[in-house]
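Quick note on the working numbering: the sequence shown kicks off at 434 and runs consecutively.
Idealized CB from N, CA, C, for every residue including glycine.
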Amino acid sequence: MSRIVYVNGEYLPEEEATVSIFDRGFLMADAVYEVCSILDGKILEFEGHVARLHRSLNELQMPAPCTDEELLEIHRQLVAKNDLKEGGVYLQVTRGAADRDFAWSKDLKPTIVLFTQAKSIEHSPIGKTGIKVIAMDDLRWGRRDIKTVQLLYPSLCKMEAKARGKDDAWLVEDGFVTEGTSNNAWIVTRDGTIVTRDLSTDILHGITRASVMKYAKEAQMKVEERPFTIEEAQTAAEAFFTSASAFVTPVVEIEGVALGDGTPGPVAKRLREIYLAESRARAI
Ligand code: PDD
434 MSRIVYVNGE YLPEEEATVS IFDRGFLMAD AVYEVCSILD GKILEFEGHV
484 ARLHRSLNEL QMPAPCTDEE LLEIHRQLVA KNDLKEGGVY LQVTRGAADR
534 DFAWSKDLKP TIVLFTQAKS IEHSPIGKTG IKVIAMDDLR WGRRDIKTVQ
584 LLYPSLCKME AKARGKDDAW LVEDGFVTEG TSNNAWIVTR DGTIVTRDLS
634 TDILHGITRA SVMKYAKEAQ MKVEERPFTI EEAQTAAEAF FTSASAFVTP
684 VVEIEGVALG DGTPGPVAKR LREIYLAESR ARAI
């Protein structure tokens, strides 16, 4: 069955939705995106994702394609039209279409595309089993705080992880882990402190990261924002990652070294439960 998607003001069957071959999103990766998760037909963390969308747009001097109220309405319409109970809504805004040129005209009309993806996220197997990660040099551009669609290098890293029989890669720069290919990286030290890299232009400012940090502090857990190395992570009590689509997911092996007994740890399990309960309660 074909999905109903949204493109530039229209709801269309996916086969009929098109954008120009001159779109700068296609030619230059001149585009930003967001992904909101859907549980029980409701949107999780909408406010956070829209706030970050504005931040990305501002950093790239791109105008917003519509108001936040319209964005919410489009999300809701797509969820309803596709009878989506669980999965995600992908949103992409590009600078618009123009004949190929590195410089752009300031009056381009942004392209906006949204589509749904139905998938099991709450009970996805990796939430229970955890994942295995490899380490890769972080060769992405220097503004990883902007959520652009330049995802070739993260895709290459993911493919390399799969080729090595693992699930994902943690990226390393100047000896320290920046983040995962599409998620924020965390460890739990042997004294129970939860550690994740501090915010800068080196990493995406994860919406899930911010919420998990808040909930962890509310639950009296000790949280530290600082960089850590692969070696520190390998000797940590636990590790996990956060993202909109995988919530809190345990990491059980890092670059060939099993963490603890090689099964998900109690802190990651607890944070996943708290995160799910809290975000479900706040879903709109
Ligand atoms: N990825 N870091 C990177 C590089 C990411 O691509 C993502 C999200 C995150 C986590 O951010 P958040 O918690 O706001 O989802 C961190 C999305 C899910 C994706 O590309 O599908």
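| Item | Value |
| --- | --- |
| Segment contact flag, the region 538-552 with the region 519-530, C-beta cutoff 8 Å, min 3 pairs | yes |
| Residue 612 - DSSP class collapsed to helix/strand/coil | strand |
| Completely contained beta strand (DSSP E) runs for the region 559-645, where each covers 3 or more residues | 564-570, 601-606, 609-613, 617-621 and 627-629 |
| Residue 440 beta carbon near the ligand PDD (any heavy atom closer than 7 Å) | no |
| For residue 672 and residue 620, believed in contact at Cβ under 8 Å, the rounded distance | 5 Å |
| CB of residue 708 within 8 Å of CB of residue 680, strictly | yes |
| Beta-carbon proximity list for residue 577, same chain, < 8 Å, skipping 5 on both sides | 611, 612, 634, 635, 636 and 637 |
| Outcome for residue 473 when other beta-carbon atoms lying within 10 angstroms are tallied against a minimum of 16 | exposed |
| Residue 608 beta carbon near the ligand PDD (any heavy atom closer than 7 Å) | no |
| Alpha-carbon spacing of residue 696 relative to residue 511, whole angstroms | 38 Å |
| Rounded separation between residue 662 and residue 595 - CA only | 22 Å |
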